[in-house]
Amino acid sequence: MSDREIEDLRDKVHCAVVLERTPPPWKLDRKESTKLSLKYRRGKGEILIVSHGGRGWWDPTSDAKGDVFSLVQRLEAGINFGHVRKRLREFAGLSPSFPIAERAGRHKASDRPVAERWADRKPAWPGSPTWRYLARKRFLPSVIIEAASAAGVLREGPAGSAWFAHFNEVGSISHVDIRGPTYKGSLTGGAKSLFRLPPSPQSFPRLVLAEAAIDALSVAALEDLHPNTIYAATGGGIGPGTISELEALLAQMAVLPGAVLCSATDANGPGDRFAEQHRTLAEKFDVPFERLRPPIEGGDWNDVLRAPGEYLGLDPW
Numbered sequence: 004m005s006d007r008e009i010e011d012l013r014d015k016v017h018c019a020v021v022l023e024r025t026p027p028p029w030k031l032d033r034k035e036s037t038k039l040s041l042k043y044r045r046g047k048g049e050i051l052i053v054s055h056g057g058r059g060w061w062d063p064t065s066d067a068k069g070d071v072f073s074l075v076q077r078l079e080a081g082i083n084f085g086h087v088r089k090r091l092r093e094f095a096g097l098s099p100s101f102p103i104a105e106r107a108g109r110h111k112a113s114d115r116p117v118a119e120r121w122a123d124r125k126p127a128w129p130g131s132p133t134w135r136y137l138a139r140k141r142f143l144p145s146v147i148i149e150a151a152s153a154a155g156v157l158r159e160g161p162a163g164s165a166w167f168a169h170f171n172e173v174g175s176i177s178h179v180d181i182r183g184p185t186y187k188g189s190l191t192g193g194a195k196s197l198f199r200l201p202p203s204p205q206s207f208p209r210l211v212l213a214e215a216a217i218d219a220l221s222v223a224a225l226e227d228l229h230p231n232t233i234y235a236a237t238g239g240g241i242g243p244g245t246i247s248e249l250e251a252l253l254a255q256m257a258v259l260p261g262a263v264l265c266s267a268t269d270a271n272g273p274g275d276r277f278a279e280q281h282r283t284l285a286e287k288f289d290v291p292f293e294r295l296r297p298p299i300e301g302g303d304w305n306d307v308l309r310a311p312g313e314y315l316g317l318d319p320w
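Under this note's numbering, the first residue of the sequence shown is numbered 4, with each subsequent residue one higher.
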């Protein structure tokens, strides 16, 4: 198969089509899906997220992710690349039907406001499951974990997970991202705005903007909490609430001496596209722009922080 045909199949076959047409079929969880992330369920506990406009997928319960080729190989164990190609040819040009998953026994807590569920969680403390996860698995220094917890943007989640808060323009919790040893996702019912450390409405001339909160905190660790800097994260894709928060922040920064937006998105295609969105927003407010691309190709700033030896103490810019 030629490289051209591989790219054509990647372009023409939507990952959701593969899920919907692979028995037993997967169904869309509409309530927990967004325009950029389609959450599909099958059976008891099987979940896959379709992203990047149908060109990619990832498993929120593990580190597994990939393109439409690896998706077929995941769903049909043992199938070789030639058979994958034949399967994908059948799906080329088809559109997803988005069948809705029926979920029984939904936990009542998910119907409560995000701010209420956040208020029920404790700040992370030294030695807690969340603290150990962030320190041992994510290599975040204690001073960074303590700063985030003390600032009210980090809470202790179940099963050692870390909850990261997004605040809206009036300072209320609007969304919560979740990262843990076995889970990656967010609380339902929220609206993305912006994770930021510090969370106060005070403006600083320098904004470091990452995709995930852990990546923003990783840059903070590498910089030893650079003064006059806001470490922020969008939680992935940039929605209307996030754009609104960023525009308000950039408008305040624009009048400050030495203002700069530093885009710390991942070192891959999607990360580069997010960085261009950041650049466009910065240019709208005449705020200088810098690209802080992780030096590990395909990686993020937490990968850099966890890399043995060679990147420790690195000045990213």
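The beta-carbon is built from N, C-alpha and C at its ideal position, and this holds for glycine as well.
From what residue to what residue does the beta strand (DSSP E) around residue 207 run? The residue you call residue 207 lines up with position 204 of the sequence shown. From DSSP, residue 207 is part of no beta strand (DSSP E); its letter is neither H nor E.
What does a CB cutoff of less than 8 Å around residue 13 pick up in its chain, not counting 5 residues either side in sequence? The residue given as residue 13 occupies position 10 in the sequence shown. Around residue 13: 58, 70, 71 and 72.
Measure from the alpha carbon of residue 41 to the alpha carbon of each residue in 62, 47, 24 and 25, then state which is nearest. Counting from 1 along the sequence shown, the entry for residue 41 is found at position 38. Considering only alpha carbons, the answer is 62.
Assign residue 65 to one of two classes, buried (16 or more other C-beta atoms within 10 Å of its C-beta) or exposed (fewer than that). In the sequence shown, residue 65 corresponds to position 62, counting from 1. The residue in question, residue 65, is exposed, as its Cβ has fewer than 16 Cβ neighbours within 10 Å.
Smallest Cα separation from residue 202: which of 187, 227, 180 and 176? For the purposes of this step, residue 202 is taken as the residue at position 199 of the sequence shown. Nearest of 187, 227, 180 and 176 to residue 202, Cα basis: 176.
In or out: residue 128 buried (at least 16 other Cβ within 10 Å) or exposed? Indexing the sequence shown from 1 puts residue 128 at position 125. With fewer than 16 Cβ atoms within 10 Å of its Cβ, residue 128 is classed as exposed.
To the nearest angstrom, report how far apart residue 27 and residue 45 are at their CA atoms. Taking the first residue of the sequence shown as position 1, residue 27 is located at position 24. Taking the first residue of the sequence shown as position 1, residue 45 is located at position 42. Distance between the alpha carbons of residue 27 and residue 45 is about 8 Å.
Are the CB atoms of residue 126 and residue 78 nearer to each other than 8 Å? In the sequence shown, counting from the first residue as 1, residue 126 sits at position 123. In the sequence shown, counting from the first residue as 1, residue 78 sits at position 75. No, the pair does not count as a contact, with Cβ atoms beyond the cut-off.
Cut-off 7 Å between Cβ atoms - residues of its own chain near residue 216, not counting five sequence neighbours on either side: Taking the sequence shown and counting its residues from 1, the one referred to as residue 216 is at position 213. Once the five neighbours on either side are set aside, the close Cβ partners of residue 216 are 167, 180, 198 and 236.
Pick helix, strand or coil for residue 232, following the three-state DSSP scheme. As a working mapping, residue 232 is identified with position 229 in the sequence shown. Here residue 232 sits in strand by DSSP.
If you run the structure through DSSP and keep just helix, strand and coil, what is residue 257? Indexing the sequence shown from 1 puts residue 257 at position 254. Coil at residue 257, not helix or strand.
Would you call residue 305 buried or exposed, if buried means 16 or more other Cβ atoms sit within 10 Å of its Cβ? On the sequence shown, position 302 is the one that residue 305 refers to. Classification of residue 305: buried, given that the 10 Å Cβ count is 16 or more.
Give me the Cα-Cα distance between residue 194 and residue 85, rounded to the nearest whole angstrom. Along the sequence shown, read from residue 1 onward, the residue named residue 194 stands at position 191. Along the sequence shown, read from residue 1 onward, the residue named residue 85 stands at position 82. Their Cα atoms are separated by approximately 42 Å.
Let me know the secondary structure DSSP gives residue 181 once reduced to three states. Position 178 of the sequence shown, counted from the first residue, corresponds to residue 181. Looking at residue 181 - three-state DSSP - the assignment turns out to be strand.
Under the DSSP definition of a beta bridge, which residues are partnered with residue 73? The residue labelled residue 73 in the question sits at position 70 within the sequence shown. Note: residue 73 sits in no beta bridge, so no partner.
For the beta strand (DSSP E) holding residue 140, just list the boundary residues, first then last. As a first step, residue 140 must be located in the sequence shown, where it is residue number 137. No beta strand (DSSP E) holds residue 140; DSSP gives it neither H nor E.
Buried or exposed: which applies to residue 139, given that a residue is buried once 16 or more other Cβ atoms fall within 10 Å of its Cβ? Your numbering for residue 139 matches position 136 in the sequence shown. Burial call: exposed.
Secondary structure at residue 135, three-state DSSP: helix, strand or coil? To locate residue 135, count along the sequence shown from 1; it is residue 132. Three-state result, residue 135: helix.
Nearest-angstrom Cα separation, counted from residue 239 out to residue 381: Nothing can be reported for residue 381: it is not among the residues displayed for the chain, which extend from 4 to 320.
Option nearest residue 256 by Cα separation, candidates 290, 282 and 245: Indexing the sequence shown from 1 puts residue 256 at position 253. Taking only the C-alpha atoms, the option nearest residue 256 is 290.
Per-residue DSSP class, three states only, for residue 278: As a working note, residue 278 is residue 275 in the sequence shown. Of the three classes helix, strand and coil, the one that applies to residue 278 here is helix, per DSSP.
Residue 309, DSSP secondary structure in three states: The residue labelled residue 309 in the question sits at position 306 within the sequence shown. Note: residue 309 maps to helix in three-state DSSP.
Does residue 6 pass the burial test, meaning 16 or more other C-beta atoms within 10 Å, or should it be called exposed? Stepping through the sequence shown from its first residue, residue 6 is reached at position 3. Exposed, by the Cβ-count rule.
Which two residues bound the contiguous beta strand (DSSP E) that contains residue 168? Within the sequence shown, residue 168 is the residue found at index 165, counting from 1. Here the beta strand (DSSP E) through residue 168 covers 165-170.
Where the alpha helix (DSSP H) containing residue 145 begins and where it ends: Translated into positions along the sequence shown, residue 145 becomes position 142. Counting along the chain, the alpha helix (DSSP H) containing residue 145 begins and ends at 145-153.
Could you tell me the distance, in whole angstroms, from the CA atom of residue 247 to the CA atom of residue 37? The count along the sequence shown starts at 1 and reaches residue 247 at position 244. The count along the sequence shown starts at 1 and reaches residue 37 at position 34. Taking the straight line joining both Cα atoms gives about 18 Å.
Could you give the DSSP three-state label for residue 221: helix, strand or coil? Locating residue 221 in the sequence shown gives position 218, counting from the first residue. Three-state DSSP puts residue 221 in a helix.
Quick one: what's got a C-beta closer than 6 Å to residue 292's C-beta in the same chain, skipping five residues either side? Here residue 292 is taken as the residue at index 289 of the sequence shown, counted from 1. So the qualifying residues of the chain are 264, 282 and 285.
Where DSSP assigns a beta bridge to residue 294, which residues make up the other side? The sequence position of residue 294 within the sequence shown is 291, counting from 1. Beta-bridge pairing links residue 294 to 266.
Which residues share a DSSP beta bridge with residue 51? In the sequence shown, the residue the question calls residue 51 occupies position 48. Note: residue 51 sits in a beta bridge opposite 43.
Please report the straight-line C-alpha distance between residue 311 and residue 267, rounded to a whole angstrom. Taking the sequence shown and counting its residues from 1, the one referred to as residue 311 is at position 308. Taking the sequence shown and counting its residues from 1, the one referred to as residue 267 is at position 264. Each residue's alpha carbon lies about 20 Å from the other.
Range of the contiguous alpha helix (DSSP H) that encloses residue 198: Translated into positions along the sequence shown, residue 198 becomes position 195. Unbroken run through residue 198 is the beta strand (DSSP E), 198-200; no alpha helix (DSSP H).
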